[in-house]
Structure formats: C-alpha cells, structure tokens
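Read top to bottom, the protein sequences are chains H and B.
For what it's worth, the numbering used here labels the leading residue of the first sequence as 362, then goes sequentially.
For what it's worth, the numbering used here labels the leading residue of the second sequence as 15, then goes sequentially.
Data block below; observations after.
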Amino acid sequence: MDFYDGNMELKEIQTLEGHTDRVWSLAWNPATGTSDIPPVLASCSGDKTVRIWEQTPSNRLWHCKAVLEETHTRTVRSCAWSPSGKLLATGSFDATTAIWENIGGDFECVATLEGHENEVKSVSWNASGSLLATCSRDKTVWIWEVMPGNEFECVSVLQGHTQDVKMVKWHPTMDVLFSCSYDNTVKVWAEDGTGDWHCVQTLGESNNGHSSTVWALSFNAEGDRMVTCSDDLTIKIWETDVGRMELGDDHAPWNHLCTLSGYHDRTIFSVHWSREGIIASGAADDGLRFFVESKDGLVDGPLYKLLLKREKAHNMDINSVQWGPGETRQLASTSDDGTIKIWELASLT
Amino acid sequence: MTLGLINANPVVHAKKERVARNEDLHCDDAVDPLEIYDILNLILFFFSDIRDPEHPYSLEQLSVLSEESITVDDKLGRILITFTPTIQHCSMATIIGLCLRVKLQECFPPHYKVDIKVFPGSHADEEAVNKQLNDKERVAAALENPNLRQLVDECLYSNEL
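What follows is the structure in structure tokens.
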C-alpha cells in the first residue's frame, strides 16, 4: 500500500462518549492491539477522571471498561502507559502525578508523585520503562526513577525553561529527554554518565524554531527525525545525524529540516508520527491533517507534503491525536466537545 | 489576593441607553437569525453588568469596551474582543480578560471560538497579556484556582440581586 499516491481516505469508526468535560489527552496501551489482545486506550479530561476504553473483538465496537475517579482533584491533563502496559501515569492540574495499576480487573492508584509547585502538564515513560518524566507550569521538568514495589524516586529537577512547560517526551531509543514550552523553545536533556542531567541543546527562533508556544513533539520510528507543532500555526520537522545517533551519541545536535505552514489557521495542539511515517496533526480549527515525506525527487532534499485533510473532524478544538499500536492504521483524537473519535486511514481502492 | 487601588481616578463615561433584549441567549442553535448589530448590543447589555474589579462602574462606563471592540464571524463561529485596560500597567488586565471570556461562554454556543486581546498600544506588556489570555490551558487552570474563580465571580455577579 503505497500512500505516496495519495489514494487514501479517512474513515470515521466510532465516537466515544462519556466524559462530561473536554477531553485533553489519550494514550493507547502499547501491549494491546495485537491479534490476541484487543486494543485498549486511556483518556483524560477536565471532568477530573480518566476513562479506560476497550474494543470488543466480536463487533469491533469500543466500550468504556473503567472510570478512574476520586483521585485527582482537578483536570487530568495527560496520561501515558508504561512500555509494558502494566502501569498508567496520569498528570493533573492538582500538581500531582498518579500511577495506576490494573489489579485483578480494577485500576488502583498505587503511587502519587508530588513535588511540582503547580499544574502538571505532561508525563512520559522512557523506552525501557525505568524512568518517568513530568513537567509543569512551574517551569521545571522532573525525572523519576522507577523502584521496586511501585516506589518512585525523583533523580533530577531540570531547570532551564523560562515559562510553563507544555510537554515532555523521551526519545524512542535513547535515554534523552525532550521538552517543549510556552517560552517558544524545545529543550534536549541528557545525562553525563555520572547521574547529572542537563540541557544539551535549545531549539529556539535562532535555530529556525517556533515563534510562539510549542505544544507538542513526536519522533519517527527510527528516532532520527522529530516533528513539533505550535501556537504560531506551523509544524516543523527536525533531524539529527543518524550515524552519531546509532553510535549512542546523545549530544548529536538537532537541525531544522522544514516548516509546514498554512495548513491550520488556529493553534496546533498535537502532532504524532506513525510507525510507517505518516504525521497526523490536530488543531483548534477542529481539523485533522496528515503529512508524508515527499518523494518528488527535488534537488533540495526531503520535504513533506499534505496527504489528506479532514475539516470539522470534531465540533470543537482537537487537543490530542495518537496513532494506535499494531498493524492497522487506526488513529484516535480527543476534543473540547468531550468526545474521542476513532479513525482508520485506508486505501481508496 | 489583596489589591490596592491602582487606578484611583478613572474617567467615567455616560452609559448609553440600550434596548434590553430577550435574555434567553444560551441556546444550542447557531446565532444566524440575529443581525450582527443585535449580537453586539446583546453582548454590551450583558457586559454593562461586569464591574471593573477596582471600581463600582461597569467596563463600558470606563470605556474598556465599546461597540468597536467586538468582531463576530457568524459563519466561522469566531469572536474577537478587543478591550482597553483602564491604565497602561493595569495588572487587572488578565482578570478582566478572564471575566470577558467567562461571560462570553454564557452568551454564545460552546463551539464559538473566542479571542480576547488588549487594544493595540493600550498596555505595556501587550504581547505577554494577549498570549496568556488566549492560552486555553492557562485559562482552564486559572478558572480551577478557587481564589481566581472567586474574584471572577465577584466581578461578574456582585451586582445581582
């Protein structure tokens, strides 16, 4: 299936209702969505709850499996499953991060991480599941080590951003952490071998970076390219030296590759790069856009082009888009309209 | 949150007489049937009830808002509000902006997108204030803060009997 031909369509599979306030974020459980295990996803909302959804294999319909409530006292802004799929971390405006475990079919809160001075905006697990990162309006990024018995120890408090940190994301293969902020920059954090973490690069306007709040970032499967999206209405693609990266050089610099502008006319809140290389974006203009690398053989090098767009994918702002695990081209989006929509990208033939 | 009076002598303008409209505004239908001018009058009628946090006069009487301040695009479902804080360094600009946003949520269907900015040249930190007022996540978090929420409620509802 060669999607470079552009013969693709976006099918709307189902709308998941249940949350009573805007849905901010969602996360697909990475240990699900295989031939044996039906896909599971978690969503979090301004209604202060987290909902777990599962697709029934027999009729392929999604249903709500669990509602995680009475733990967070304010909006739950972000959620992320550990790589094993056994733990779920949720970050909230109540300044805490909760860790949940599925114990005999019930989700229980097994740990609460405190320390941030105000709203937690994002949570992210590293590739091995040994580290968890959180970030906050307090301008800091915290790195927590996962200890036995569901204990979490803060190993570093990273200072450097001058404003609200909107998202953190670990690199897919290396223990290098990326953060993006209201201060318009993306920062790269690495450990020097003695346990000290520091900022090894800042991607700002002088590096062809964004001119307003950077809301999200995502990596391609290989980990040598990154996509960022912003309030400045653009999507930017960055790349690093593959050779140096493969040698484990976590200080290899990132460089701007190209900027995609004119595709959204309001703040772009989310971008996600699929395993196959399709970039999905969701914005406050209620629309979804899909981009792929252009193979037009231009002398100037690789560029990205629009593959497909869906106007009015939701009735209100789209806050998050995430590709599902497994082989199907499933995508989920969340919105201020209180719903989650499941989509499938399919060939037209 | 205690505030000293920053602007002790505001200039007060005569309140324009305006025909009161049907107060049942919060409907799920589009606002297409109404002419734009009527919509503006409706907003101003409700805004005439918002008190500046520091003074007993309404935002309209202090020339914070006027008919020129409001742009509505019915088709796209977008609203732009431009307001003038009473003085250059008014630290209440963000509170006034929050109040406007909460009030507008009551007036318009939920899918309307609202942008609120300070009138160009009317504030020392124009860019910074505009950025904060239009960061949806910051607004949501601010309204979950009980102290800020109380302040906003006082501004909006303190004259209700």
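Each residue gets a CB set at the ideal place from its N, CA and C atoms; glycine is no exception.
As the structure is a prediction and not an experimental result, all values here were calculated from the model.
Distance between M369(H) and H433(H), taken at the CA atoms: about 41 Å.
When DSSP states are grouped into helix, strand and coil, D647(H) belongs to the coil group. Spanning the alpha carbons of S136(B) and N144(B) requires a straight line of approximately 12 Å. Within 8 Å of the CB of E140(B), no CB atom of chain H is found; the nearest one sits about 14 Å away. Residues of chain B whose Cβ lies closer than 7 Å to the Cβ of E475(H) do not exist, since the nearest Cβ in that chain is about 17 Å away. Membership of Q683(H) in the beta strand (DSSP E) is indicated by the continuous run 679-684.
Taking a beta-carbon distance threshold of 7 Å, A155(B) counts as an interface residue toward chain H.
For the options N545(H), H532(H), N511(H), M508(H), the alpha carbon positioned closest to that of Q524(H) is the one of N545(H). Going by DSSP, D87(B) is part of the beta strand (DSSP E) stretching over 84-87. Judged by beta-carbon spacing, C470(H) lies beyond the 7 Å limit of C440(H), meaning their Cβ atoms are not closer than that value. Given a length threshold of 3 residues, each whole run of the beta strand (DSSP E) inside the segment 593-654 of chain H is given here in chain order: 595-601, 615-622, 629-634, 640-644.
At a cut-off of 7 Å between beta-carbon atoms, N676(H) makes contact with chain B. The beta carbon of N568(H) lies closer than 7 Å to those of H617 in the same chain, with the five residues before and after it left out.
Within a 10 Å sphere around the beta-carbon of A403(H) sit 16 or more other beta-carbons, which makes this residue buried. Using a CB distance below 8 Å, the part of the segment 105-132 of chain B facing chain H consists of P124, H125, K127, ordered along the chain. Interface flag for F651(H) against chain B is unset, since no Cβ pair is found closer than 7 Å.
Between the C-alpha atoms of V481(H) and D657(H) there is a straight-line separation of about 43 Å.
For P123(B), the closest of K131(B), E140(B), L90(B) by C-alpha to C-alpha distance is L90(B).
Among the residues facing chain B, F513(H) is not included, as its CB has no counterpart in that chain under 7 Å away.
When 7 Å is used as the limit between beta carbons, E480(H) is near these residues of chain B: A155, in chain order.
Here K702(H) is buried. Its C-beta has 16 or more other C-beta atoms within 10 Å. Chain H places no beta carbon closer than 7 Å to that of E168(B), leaving this residue out of the contacts. A straight line joining the alpha-carbon of G604(H) with that of Q562(H) spans about 18 Å. For G452(H), the pairing in a beta bridge is given by DSSP as S439(H), T458(H). Listed along chain B are A155, E158, each with a C-beta nearer than 7 Å to that of F454(H). R435(H) belongs to the set of residues whose beta carbon lies under 7 Å from a beta carbon in chain B. The alpha-carbon of V518(H) is positioned some 33 Å away from that of D467(H). Distance from V547(H) to D611(H) at the Cβ level is roughly 15 Å; contact not present, criterion being Cβ atoms closer than 8 Å.
For the 7 Å CB-CB criterion, K527(H) and W576(H) form a contact.
When rounded, the separation of the alpha-carbon atoms in E475(H) and S83(B) is 44 Å. The residues H625, K670, R671, E672, K673, A674, I679, in chain order, have a CB closer than 8 Å to that of G648(H) in the same chain once the five nearest residues on each side in sequence are set aside. When the five nearest sequence neighbours on each side are left out, the beta carbons in the same chain lying within less than 6 Å of the beta carbon of S622(H) are those of T595, in order along the chain.
Per DSSP, the continuous beta strand (DSSP E) segment holding Y665(H) begins and ends at 664-671. Taking the beta carbon of A645(H) as reference, the chain B residues within 9 Å of it are K127, K150, listed in sequence order. Of the candidates S696(H), D698(H), D697(H), Q683(H), Q683(H) places its Cα closest to the Cα of L706(H).
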